[in-house]
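**Q**
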Amino acid sequence: MTFDSPLSAWQHAVEHKGFIQDEAQEHAVWALQKCHEALHAGARSVTGVYLWGPVGRGKTWLMDQFYQSLRVPARRQHFHHFMGWVHQRSFQLTGIADPLRALARELAAEVRVLCFDELFVNDIGDAIILGRLFQVMFDEGVVVVCTSNLPPDQLYADGFNRDRFLPAIAAINQHMQVVAVNGAEDHRLHPGAIEQRYWVAVAGQVSALGQVFDALAAGQTVSTEPVPVGYRALNVVQASDSVLWCRYADLCEQPFAAMDFIALCDTYRAILLSEVPNLSARKREGRIARGTEDGAERVVAGDRELPQLSVHDDGVRRFIALVDECYDRKVPLYIEAQVPMAALYTEGYLEFPFRRTLSRLQEMQLQRFAET
Numbered sequence: 000m001t002f003d004s005p006l007s008a009w010q011h012a013v014e015h016k017g018f019i020q021d022e023a024q025e026h027a028v029w030a031l032q033k034c035h036e037a038l039h040a041g042a043r044s045v046t047g048v049y050l051w052g053p054v055g056r057g058k059t060w061l062m063d064q065f066y067q068s069l070r071v072p073a074r075r076q077h078f079h080h081f082m083g084w085v086h087q088r089s090f091q092l093t094g095i096a097d098p099l100r101a102l103a104r105e106l107a108a109e110v111r112v113l114c115f116d117e118l119f120v121n122d123i124g125d126a127i128i129l130g131r132l133f134q135v136m137f138d139e140g141v142v143v144v145c146t147s148n149l150p151p152d153q154l155y156a157d158g159f160n161r162d163r164f165l166p167a168i169a170a171i172n173q174h175m176q177v178v179a180v181n182g183a184e185d186h187r188l189h190p191g192a193i194e195q196r197y198w199v200a201v202a203g204q205v206s207a208l209g210q211v212f213d214a215l216a217a218g219q220t221v222s223t224e225p226v227p228v229g230y231r232a233l234n235v236v237q238a239s240d241s242v243l244w245c246r247y248a249d250l251c252e253q254p255f256a257a258m259d260f261i262a263l264c265d266t267y268r269a270i271l272l273s274e275v276p277n278l279s280a281r282k283r284e285g286r287i288a289r290g291t292e293d294g295a296e297r298v299v300a301g302d303r304e305l306p307q308l309s310v311h312d313d314g315v316r317r318f319i320a321l322v323d324e325c326y327d328r329k330v331p332l333y334i335e336a337q338v339p340m341a342a343l344y345t346e347g348y349l350e351f352p353f354r355r356t357l358s359r360l361q362e363m364q365l366q367r368f369a370e371t
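Here it is as structure tokens:
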């Protein structure tokens with residue numbers, strides 16, 4: 000059912016779908032409603048909305064209701080999809096005097112509103128680009144509505160050369176209404192029909208994912224040959240036309256990127272991941288060399304220390320990106336791991352972003368996950 004405004008969608012959910020009346024959500028709904036009304040009234044200057052708060056508070060659902068009710072040109076993307084497009088388009092515009100300005104003008108010619116989910120900055124290349132990109136997007140009249148787990152002032156808080164990102168924070172605070180969606184309820188944890196998509200491996204027993212794969216791939220041609228993903232080949236346990244089963248080491252500990260996970264979700268309607276280890280590990284120190292190069296920009300880093308990374312964190316970053324992509328695209332992810340879900344990652348540099356991952360894995364256990 001499509002509604003004509005985010006307010007009517009939220010009111011219907013409260014009255015007919017059992018949504019809990021949440022004061023923080025209501026405040027967010029009215030901010031989105033005000034933005035929605037200004038856009039459809041043809042206002043030249045419209046304030047966007049920045050929704051932030053803990054996982055499970057309904058930020059993505061609220062933004063999606065806003066997006067689905069728009070009658071002006073709009074684009075809705077996960078934030079890492081958006082940044083992938085920005086990097087690609089910026090490279091294509093190399094040689095132009097101000098490529099980010101040109102990119103912002105292209106965007107403004109295509110859309111009036113940009114909605115993106117999960118704004119989280121931990122890459123210095125992204126931070127440098129965003130420092131200017133947000134400014135020029137707003138200058139060109141693009142209205143931004145987004146979600147994040149952090150308030151703007153805490154974005155990229157411990158990042159190197161953070162001063163390069165500060166103009167982005169200033170632009171967000173100037174052009175967007177910042178709303179804390181921090182109610183006490185974690186709406187993902189309310190009861191619902193359970194469909195098991197997470198198992199703990201039992202030593203000496205065959206993988207539980209074998210039966211899952213057979214059921215999902217029934218009637219399809221099955222192969223154990225590697226499948227092409229971008230410029231690489233992914234080793235698989237089994238793969239059919241629409242179902243992929245692979246090991247954690249083959250997918251998350253190899254040099255695959257977020258764009259590869261996008262491609263997998265384009266191809267497969269279900270992904271099975273086995274042999275997921277205990278991802279927790281004690282942090283270890285790292286250092287950054289003086290004069291580190293980052294793309295075409297020289298980053299003056301000095302002799303600073305890198306964040307403390309655990310031995311598994313490269314793979315964990317990919318695992319987080321995989322879960323995000325499956326969640327965003329409603330592609331069920333079936334997992335067999337060495338430890339229970341709550342024990343997957345309890346120590347390491349990525350503890351904060353992994354909270355969102357854990358919450359999303361919990362929601363994936365609900366039957367309604369792939370139906371919404």
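Numbering (numbering that gives the first Met the number 0), first residue to last: 0 to 371. Ideal placement from N, C-alpha and C gives every residue a C-beta, glycine not left out.
1) Under DSSP, the beta strand (DSSP E) around histidine 77 begins and ends at which residues?
2) Flag this pair as yes or no: are the beta carbons of arginine 88 and leucine 102 separated by less than 8 Å?
3) Please check the pair glutamine 364 and tyrosine 197, which I expect to be a contact at CB under 8 Å, by giving their CB distance rounded to whole angstroms.
4) Can you tell me where the beta strand (DSSP E) holding alanine 95 begins and where it ends?
5) Going by beta carbon distance, what residues of the same chain come within less than 6 Å of phenylalanine 115, once the five residues before and after it are set aside?
6) Would you call the region 46-59 and the region 139-154 in contact, with 3 or more CB pairs under 8 Å?
7) I'd like to know whether the C-beta atoms of aspartate 323 and glutamate 139 end up nearer to each other than 8 Å.
8) Provide the residue span of the alpha helix (DSSP H) that contains glycine 124, from first to last.
9) Out of Ile19, Glu25, Leu343, point me to the one whose CA is closest to proline 5's CA.
10) Any chance the region 221-234 sits against the region 344-362, with 3 or more Cβ pairs inside 8 Å?
11) Note down the Cα distance separating histidine 39 from glutamine 64, rounded to an integer number of angstroms.
12) Would isoleucine 271 and leucine 243 qualify as a contact pair, given that the criterion is a beta-carbon distance under 8 Å?
13) Where does serine 239 land, buried or exposed, given buried means 16+ other C-beta within 10 angstroms?
14) Thinking just about the alpha-carbon of each residue, which of Ile171, Asp157, Gly130 is nearest to the one in phenylalanine 164?
15) Using DSSP with H/G/I as helix, E/B as strand and the rest coil, what is proline 190?
16) Comparing C-alpha positions only, which one of Ala156, Leu106, Val120, Asp162 sits nearest to valine 135?
17) Go to glutamate 36, then tell me how far its alpha helix (DSSP H) extends in each direction, as first and last residue.
18) Could you check whether serine 241 and glutamate 335 sit closer than 8 Å to each other, using their CB atoms as the reference points?
19) Checking 8 Å against the spacing of the C-beta atoms, do valine 13 and glutamine 176 come in under that value?
20) Per DSSP, what kind of secondary structure is glycine 47 in: helix, strand or coil?
21) Looking only at its chain, what residues have a beta carbon closer than 6 Å to the beta carbon of arginine 268, apart from the 5 residues adjacent to it on each side?
22) Any idea what DSSP makes of isoleucine 334, helix, strand or coil?
23) Tell whether a beta-carbon distance below 8 Å holds between leucine 61 and alanine 23.
24) So, serine 279 versus threonine 356, is the Cβ gap smaller than 8 Å?
25) State yes or no: is the C-beta of aspartate 21 within less than 8 Å of the C-beta of glycine 182?
26) Does DSSP classify glutamine 204 as helix, strand or coil?
27) What residue does the alpha helix (DSSP H) around serine 358 start on, and which one ends it?
28) Would you kindly report the start and end of the unbroken alpha helix (DSSP H) that includes alanine 8?
29) What are the partner residues of isoleucine 270, as DSSP defines its beta bridges?
30) Spatial neighbours of leucine 321 within its chain, please: C-beta separation below 6 Å, excluding the five flanking residues on both sides.
31) Would you report the Cα separation of valine 412 and histidine 86, rounded to the nearest angstrom?
32) Helix, strand or coil, according to DSSP, for aspartate 232 in the structure here?
33) Among residues of its own chain, excluding the 5 on either side of glutamine 195, which ones have a beta-carbon nearer than 6 Å to its beta-carbon?
**A** Checking against the coordinates, here is how it stands:
1) Reading the sequence shown from its first residue, position 78 is the one you call residue 77. Per DSSP, histidine 77 belongs to the beta strand (DSSP E) from 73-77.
2) Position 89 of the sequence shown, counted from the first residue, corresponds to residue 88. Position 103 of the sequence shown, counted from the first residue, corresponds to residue 102. Yes, they are a contact pair.
3) Mapped onto the sequence shown, residue 364 falls at position 365. Mapped onto the sequence shown, residue 197 falls at position 198. The Cβ separation is near 6 Å, so the contact holds.
4) Indexing the sequence shown from 1 puts residue 95 at position 96. According to the sequence provided, residue 95 is isoleucine. The question's alanine does not apply to it. First-last for isoleucine 95: undefined, no H or E at that position.
5) Taking the first residue of the sequence shown as 1, we reach residue 115 at position 116. If we look at phenylalanine 115 and ignore the five residues flanking it on each side, its Cβ neighbours are Gln76, Phe78, Phe81, Cys145.
6) yes
7) Your numbering for residue 323 matches position 324 in the sequence shown. Your numbering for residue 139 matches position 140 in the sequence shown. The answer is no: Cβ separation not under 8 Å.
8) What you label residue 124 is simply residue 125 of the sequence shown in a count that begins at 1. Per DSSP, glycine 124 belongs to the alpha helix (DSSP H) from 123-138.
9) Reading the sequence shown from its first residue, position 6 is the one you call residue 5. Minimum Cα distance to proline 5 is reached at Glu25.
10) no
11) As a position in the sequence shown, residue 39 is number 40, starting the count at 1. As a position in the sequence shown, residue 64 is number 65, starting the count at 1. So the two alpha carbons sit approximately 15 Å from each other.
12) Here residue 271 is taken as the residue at index 272 of the sequence shown, counted from 1. Here residue 243 is taken as the residue at index 244 of the sequence shown, counted from 1. The identity of residue 271 in the sequence shown is leucine, whereas the question assumes isoleucine. Contact flag set, yes.
13) As a first step, residue 239 must be located in the sequence shown, where it is residue number 240. It is buried - the Cβ of serine 239 has at least 16 other Cβ atoms within 10 Å.
14) As a position in the sequence shown, residue 164 is number 165, starting the count at 1. Answer by Cα proximity: Gly130.
15) Stepping through the sequence shown from its first residue, residue 190 is reached at position 191. Unreliable placement is indicated for proline 190, whose pLDDT of 48 sits below 50; no coordinate value is reported for it.
16) The residue you call residue 135 lines up with position 136 of the sequence shown. Residue Leu106 is the option with its Cα nearest to valine 135.
17) Along the sequence shown, one-based indexing puts residue 36 at 37. From DSSP, the alpha helix (DSSP H) with glutamate 36 extends over 22-39.
18) Taking the sequence shown and counting its residues from 1, the one referred to as residue 335 is at position 336. Taking the sequence shown and counting its residues from 1, the one referred to as residue 241 is at position 242. In this structure, serine 241 does not lie closer than 8 Å to glutamate 335 by Cβ.
19) Position 14 of the sequence shown holds residue 13. Position 177 of the sequence shown holds residue 176. For valine 13 and glutamine 176, no; Cβs fall outside 8 Å.
20) If you number the sequence shown from 1, residue 47 lands on position 48. Glycine 47: strand per DSSP, three-state reduction.
21) The sequence position of residue 268 within the sequence shown is 269, counting from 1. Ser241, listed in sequence order.
22) Here residue 334 is taken as the residue at index 335 of the sequence shown, counted from 1. Of the three classes helix, strand and coil, the one that applies to isoleucine 334 here is strand, per DSSP.
23) Residue mapping note: residue 61 aligns to position 62 of the sequence shown, counting from 1. Residue mapping note: residue 23 aligns to position 24 of the sequence shown, counting from 1. No; because the gap between Cβ atoms is not below 8 Å, this pair is not in contact.
24) The residue given as residue 279 occupies position 280 in the sequence shown. The residue given as residue 356 occupies position 357 in the sequence shown. It is not a contact, given that the beta carbons lie outside the stated cut-off.
25) Residue 21 sits at position 22 when you count from the first residue of the sequence shown. Residue 182 sits at position 183 when you count from the first residue of the sequence shown. Cβ atoms of aspartate 21 and glycine 182: closer than 8 Å.
26) Position 205 of the sequence shown, counted from the start, is the residue given in the question as residue 204. Coil.
27) For this step, residue 358 is matched to residue 359 along the sequence shown. Segment 350-362, the alpha helix (DSSP H) holding serine 358.
28) The sequence position of residue 8 within the sequence shown is 9, counting from 1. It spans 5-15 - the alpha helix (DSSP H) in which alanine 8 sits, taken as one unbroken run.
29) Here residue 270 is taken as the residue at index 271 of the sequence shown, counted from 1. Leu243, Leu332, per the DSSP bridge assignment.
30) Here the question's residue 321 lines up with position 322 in the sequence shown. So the qualifying residues of the chain are Phe260.
31) The question about residue 412 has no answer here: the residues shown for the chain are numbered 0 through 371.
32) In the sequence shown, counting from the first residue as 1, residue 232 sits at position 233. The displayed chain sequence assigns alanine, not aspartate, to residue 232. Three-state result, alanine 232: strand.
33) Along the sequence shown, one-based indexing puts residue 195 at 196. Once the five neighbours on either side are set aside, glutamine 195 has no close Cβ partner at all.
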